[in-house]
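S.K.: Below are the structure tokens for one structure; questions will follow.
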Amino acid sequence: MSVLLILIKRNKFWVAFSVLAALLSNLSQMFFANLIGKLVNNIESRSAITLSFIITAACFIVSNAFTLLLNQYVGRLTAEKMAHSLRMGYAKKLLERSLKEKYTLDTASAMSIAQNELSQANTYLSNTFFDITGMLFMAFLATVFLLFKNVFLTLVFLIPTFLILIYVFFSSRSLSGIVSKAQNEKNRMNKVAYSVIHAFYSVKIFGGEKLSMKAYNESFESWKKQWQKMGRRSALYNTLSGIMSMIPLLILLLVGALMVIRGDILLGTLIVFLYLQSSLTSAIMNLPNWLANFKVFTTNLSRIDIS
Amino acid sequence: MIKLENVSFKYENAYVFENLSLTVKDGEKVGIIGESGCGKSTLLKMIAGLNIPTSEEINVDGEKDPEGIIKKVSVVMQSPMLLPLSIIDNITMGHDHDEERIEKIIEAANLKKWTDSLPDGLNTYLGDRADELSGGQAQRIAIARAMFKDAGILLLDEPTSALDGENAASVLEAINRFTSDKTVIHVTHRREHLNGYDRIFMMKDGKLIEA
Ligand SMILES: Nc1ncnc2c1ncn2[C@@H]1O[C@H](COP(=O)(O)OP(=O)(O)OP(=O)(O)O)[C@@H](O)[C@H]1O
Ligand SMILES: [Mg+2]
Chain F
19 MSVLLILIKR NKFWVAFSVL AALLSNLSQM FFANLIGKLV NNIESRSAIT
69 LSFIITAACF IVSNAFTLLL NQYVGRLTAE KMAHSLRMGY AKKLLERSLK
119 EKYTLDTASA MSIAQNELSQ ANTYLSNTFF DITGMLFMAF LATVFLLFKN
169 VFLTLVFLIP TFLILIYVFF SSRSLSGIVS KAQNEKNRMN KVAYSVIHAF
219 YSVKIFGGEK LSMKAYNESF ESWKKQWQKM GRRSALYNTL SGIMSMIPLL
269 ILLLVGALMV IRGDILLGTL IVFLYLQSSL TSAIMNLPNW LANFKVFTTN
319 LSRIDIS
Chain D
314 MIKLENVSFK YENAYVFENL SLTVKDGEKV GIIGESGCGK STLLKMIAGL
364 NIPTSEEINV DGEKDPEGII KKVSVVMQSP MLLPLSIIDN ITMGHDHDEE
414 RIEKIIEAAN LKKWTDSLPD GLNTYLGDRA DELSGGQAQR IAIARAMFKD
464 AGILLLDEPT SALDGENAAS VLEAINRFTS DKTVIHVTHR REHLNGYDRI
514 FMMKDGKLIE A
């Protein structure tokens, strides 16, 4: 089983709780957006704004703040719990090994993994993982919400979005191979450095300084090559997906404005669509980057044995 | 010749030994036994130039400076300390070598059967095999490396601790063959490994007592 799944399983209560918190926060934001839409419609039709409307709006403002706080708090806590499981799982796994059978190169790689893969995976978990999953979750919920509001207008931007998504997925796949290779090269380079430090005495006694430097330089060169390749590719893909992510928005704006002029929908509805669709746009815009980082994360995870 | 005269050594505050003296003549085979933690490895590292004594000096084949001493000795350390490179690189440490000699060393260190079974043989990269390499295999690579350096003085710190009885016996026999004209200091927990040695010392309370 993949390490990520194990981590989720070992913290299922917290993961479930953070999904719930994200759901509440997203729903609250969507209903608030909906309320703003209604307000615009009221203004447009010059009907009165009732007291209950104002109270509802105030309630949603409070609920937005509260659920956002809850979402962030639970998300961070869950991330820390998972990072802790990862650290402890790795330490426990090491402790279970028999000492006699382990030789010192292994100690050096264990050190290297602890200092590099483990700490990077932890940073990713704490800083990025839940923000990304939260944004993707929001994009998904917003789409479902909009489908309920107006199927036609949703499909107007959803169909081009899907086409872009297919492009993004295929380009990310070719990118993720390079990303994973670059990460492996980096890990290898770190391992060489750690082993040389660890085997310092042997290097000195047997005059292996030149060999060590050569090994380090070679691993550095092959990492650099992969890293540059990765940089070029990801810049290209990110630019393209950034430009393409604007297409659904433009179509929505065009078709939506036409529908408002024809009187099919009210202006407020279009505003709700534009507001919520932006969460989808930003998700797609960042998707190649996210997928690349996620690949680095899972590559790191795959080298941390906690099962 | 190795000559330690009244040398002392401490790690932090506590002395591991004080005023210790030892003279080993060229070609002599000396064994050191003693309880765990008494300072055998510390002493061996000092003779190798890796630990600098806190008082008095040491003289190894006329060298007093650690950088000079290190060139005169070959060491099998208690833990092998390999690099994530190929087996051959770990043995030669990047120095020129001729095939015939390597072949002899591989055989003497009981590595041949194992390396012949590897698809890449001696060029097998160790870095990715960390989990597959046993303590005994690593130790035998370290022994081959020490043989390859071919220094006049060989320092052995429990070189066969991870090998089974049969393997240990044949490797020790090969080491003895390889070192017939060399000076050897061999630290071990097993006295039977020191059969045929010129002198055997017992290390206790920071002193060497001839046993
Ligand atoms: N790097 C170090 N820093 C501080 N103390 C150390 C260090 N290395 C060893 N010691 C201490 O010095 C003493 C002697 O250690 P040494 O490794 O020389 O023992 P040894 O006789 O080789 O033991 P063993 O038979 O278990 O290998 C021990 O008390 C040990 O704890
Ligand atoms: Mg020792």
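Sequence lines, in order, name chains F and D. Heads up: the first sequence runs through residues 19 to 325, numbered per this note's numbering. Heads up: the second sequence runs through residues 314 to 524, numbered per this note's numbering. In this text, a Cβ means the ideal position worked out from N, Cα and C, and glycines have one as well. Nothing here was measured: the structure is a model prediction, and the numbers come from that model.
Can you tell me which of the three DSSP states histidine 408 of chain D falls into?
M.R.: On the second sequence, position 95 is the one that residue 408 of chain D refers to. Of the three classes helix, strand and coil, the one that applies to histidine 408 of chain D here is coil, per DSSP.
S.K.: So if I threshold CB-CB distances at 8 Å, which residues from the region 385-408 of chain D count as touching chain F?
M.R.: Going along the region 385-408 of chain D in chain order, one finds Val386, Ser387, Val388, Met390, Ser392, Pro393, Met394, Leu395, Leu396, Pro397, Leu398, Asp402, Met406, Gly407, His408 with a Cβ nearer than 8 Å to chain F.
S.K.: Could you work out which residue in F/Asn44, F/Ser65, F/Ser192, F/Ile150 is closest to phenylalanine 78 of chain F when comparing CA atoms only?
M.R.: Numbered from its first residue, the first sequence carries residue 78 of chain F at position 60. Considering only alpha carbons, the answer is F/Asn44.
S.K.: Could you tell me the alpha carbon to alpha carbon distance between isoleucine 454 of chain D and serine 190 of chain F, rounded to whole angstroms?
M.R.: As a position in the second sequence, residue 454 of chain D is number 141, starting the count at 1. As a position in the first sequence, residue 190 of chain F is number 172, starting the count at 1. Each residue's alpha carbon lies about 43 Å from the other.
S.K.: Spell out whether any CB of chain D is found under 9 Å from the CB atom of phenylalanine 238 of chain F.
M.R.: Stepping through the first sequence from its first residue, residue 238 of chain F is reached at position 220. Chain D, which has no Cβ nearer than 9 Å to the Cβ of phenylalanine 238 of chain F, makes this no.
S.K.: Below 7 Å on C-beta distance, what does serine 213 of chain F contact in chain D?
M.R.: The residue labelled residue 213 of chain F in the question sits at position 195 within the first sequence. The answer, in chain order, is Leu396, Pro397.
S.K.: Considering only their Cβ atoms, is the gap separating glycine 344 of chain D from histidine 499 of chain D smaller than 9 Å?
M.R.: In the second sequence, the residue the question calls residue 499 of chain D occupies position 186. In the second sequence, the residue the question calls residue 344 of chain D occupies position 31. Yes, these two residues count as a Cβ contact at 9 Å.
S.K.: Phenylalanine 491 of chain D bridges to which residues according to DSSP?
M.R.: As a working mapping, residue 491 of chain D is identified with position 178 in the second sequence. Looking at the DSSP assignment, phenylalanine 491 of chain D forms no beta bridge with any residue, so it has no partner.
S.K.: Kindly examine ligand 1 and report whether one of its heavy atoms sits closer than 8 Å to the Cβ of lysine 353 of chain D.
M.R.: Numbered from its first residue, the second sequence carries residue 353 of chain D at position 40. Because some heavy atom of ligand 1 lies under 8 Å away, the Cβ of lysine 353 of chain D counts as near it: yes.
S.K.: Going by DSSP, what residues sit across from aspartate 470 of chain D in a beta bridge?
M.R.: Translated into the one-based positions of the second sequence, residue 470 of chain D becomes position 157. In the DSSP output, where bridge partners are listed per residue, aspartate 470 of chain D has D/Val500.
S.K.: For isoleucine 223 of chain F, go through chain D and note every residue whose CB falls closer than 8 Å to its CB, in chain order.
M.R.: Start at 1 with the first residue of the first sequence, and residue 223 of chain F comes out as number 205. Simply Ala361, Leu363, Ile383, Val386, Ser387, Val388, Lys462.
S.K.: Name the chain F residues whose beta carbon is nearer than 7 Å to that of arginine 414 of chain D?
M.R.: Your numbering for residue 414 of chain D matches position 101 in the second sequence. Chain F residues near arginine 414 of chain D: none, gap ~16 Å exceeds 7 Å.
S.K.: Quick one: grab the DSSP three-state call for arginine 512 of chain D.
M.R.: Taking the second sequence and counting its residues from 1, the one referred to as residue 512 of chain D is at position 199. In this structure, arginine 512 of chain D counts as strand in the three-state DSSP scheme.
S.K.: Given the structure, does glutamate 348 of chain D come close to ligand 2, in the sense that its CB is under 8 Å from one of the ligand's heavy atoms?
M.R.: The residue given as residue 348 of chain D occupies position 35 in the second sequence. No - ligand 2 has no heavy atom lying nearer than 8 Å to the Cβ of glutamate 348 of chain D.
S.K.: Alpha carbon to alpha carbon, how far is phenylalanine 224 of chain F from histidine 408 of chain D?
M.R.: Residue 224 of chain F sits at position 206 when you count from the first residue of the first sequence. Residue 408 of chain D sits at position 95 when you count from the first residue of the second sequence. Distance between the alpha carbons of phenylalanine 224 of chain F and histidine 408 of chain D: 9 Å.
S.K.: Rounded to a whole number of angstroms, what is the C-alpha to C-alpha distance between valine 386 of chain D and aspartate 411 of chain D?
M.R.: Counting from 1 along the second sequence, the entry for residue 386 of chain D is found at position 73. Counting from 1 along the second sequence, the entry for residue 411 of chain D is found at position 98. One C-alpha to the other measures close to 21 Å.
S.K.: Alpha carbons only, please: which of F/Gln246, F/Leu267, F/Phe35 is nearest the one belonging to isoleucine 289 of chain F?
M.R.: As a working mapping, residue 289 of chain F is identified with position 271 in the first sequence. Nearest C-alpha to isoleucine 289 of chain F: F/Leu267.
S.K.: Taking buried to mean at least 16 other C-beta atoms within 10 Å of its own C-beta, is tyrosine 324 of chain D buried or exposed?
M.R.: Mapped onto the second sequence, residue 324 of chain D falls at position 11. Tyrosine 324 of chain D comes out exposed.
S.K.: Using the DSSP secondary-structure output, state which residues sit across from glycine 344 of chain D in a beta bridge.
M.R.: Mapped onto the second sequence, residue 344 of chain D falls at position 31. D/His499, D/Ile513, per the DSSP bridge assignment.
S.K.: Of the residues that make up the region 455-487 of chain D, which ones have a beta carbon closer than 7 Å to any beta carbon in chain F?
M.R.: Answer set for the region 455-487 of chain D: Arg458, Lys462, Ala475.
S.K.: Below 8 Å, is the gap between the Cβ of valine 500 of chain D and the nearest heavy atom of ligand 2?
M.R.: In the second sequence, counting from the first residue as 1, residue 500 of chain D sits at position 187. Yes, Cβ of valine 500 of chain D sits closer than 8 Å to a heavy atom of ligand 2.
S.K.: Check each residue of the region 312-323 of chain F: if its Cβ is closer than 8 Å to any Cβ of chain D, include it; give the result in chain order.
M.R.: Residues: none.
S.K.: Quick check: does the Cβ of glutamine 201 of chain F come within less than 8 Å of any heavy atom belonging to ligand 2?
M.R.: As a position in the first sequence, residue 201 of chain F is number 183, starting the count at 1. No, since every heavy atom of ligand 2 falls outside the 8 Å radius drawn around the Cβ of glutamine 201 of chain F.
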